[in-house]
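Heads up, the thing below is written out as C-alpha cells.
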Amino acid sequence: MFDSIAGYEDIHKDEPYIDADEPTTGEVAHVYMLYVPPHKRGRGIGGELFRKWVIGLPSNIKRVRLKAVTLGGSDALSFWKRLGFTEAFCGVIHDEIDGALVLGVNGYENPVVEYVQATGDEYRHWIEGDDDVRHFHKNPQRKAG
1 MFDSIAGYED IHKDEPYIDA DEPTTGEVAH VYMLYVPPHK RGRGIGGELF RKWVIGLPSN
61 IKRVRLKAVT LGGSDALSFW KRLGFTEAFC GVIHDEIDGA LVLGVNGYEN PVVEYVQATG
121 DEYRHWIEGD DDVRHFHKNP QRKAG
C-alpha cells in the first residue's frame, strides 16, 4: 500500500493511499499527497494511514514536510493541522511554498518557522537547498519533553 507512486490519474482510485518519501538518510521526509476517496472520508482513515507511515520512518528523521496543501482547500489544511502540522514558512514567498507545512516526528518538536524573503525562482532553495539546512543548524529541533 505504501509502495505505490501516485500519479495524476490515481486521484480517482477507490482505495486510500499516501505518496511520500521513504528516506534512509537526512532528517526530513516529504509527503506529496494523501488521498482518501470521497465516500470513505470522515472515518479517520487518512489520519490512520498517515500515523502508520510515520511509525515506519527511520529514527534519523526529525520532521515531515508537506510540499503544499492546495488540493481540497481548507478541508485539507484543517486535516493536516489536526495531525499537528504547522506553517513551515512566513514572509514574502512564492505561491508554491505558501501552503507548505511541517511536523516534528520521532520525538522531536515542530521546527521553528522559517522566514523567507524570496520571489521568483529564488524560493526553491528554501525548500531543498543549503538555506534550509542552515536554518536547522541555527534553529535545531529539540526532543519533545
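Last residue of the sequence shown: number 145 in UniProt numbering, and the count goes up by one each step with no gaps.
For glycine and all other residues, C-beta sits at the position ideal for the given N, C-alpha and C.
{"Query": "Contact belief for Asp14 with Pro37 at Cβ below 8 Å, rounded distance in angstroms", "Result": "6 Å"}
{"Query": "Close beta carbons around Gly63, own chain, < 6 Å, minus the five adjacent residues each side", "Result": "Sequence check: residue 63 is Arg here, not Gly. Closer than 6 Å at the Cβ level, and outside the excluded window around Arg63, lie Val28, Val102, Gly104 and Pro111."}
{"Query": "Complete runs of the alpha helix (DSSP H) confined to the segment 33 to 92 [at least 4 residues]", "Result": "45 to 55 and 73 to 82"}
{"Query": "Identity of the residues DSSP links to Asp19 by a beta bridge", "Result": "Met33"}
{"Query": "Sub-9 Å separation of Lys143 and Tyr108 beta-carbons", "Result": "yes"}
{"Query": "For Val113 and Thr24, the rounded distance between their alpha carbons", "Result": "25 Å"}
{"Query": "Opening and closing residue of the beta strand (DSSP E) in which Val102 lies", "Result": "Leu101 to Gly104"}
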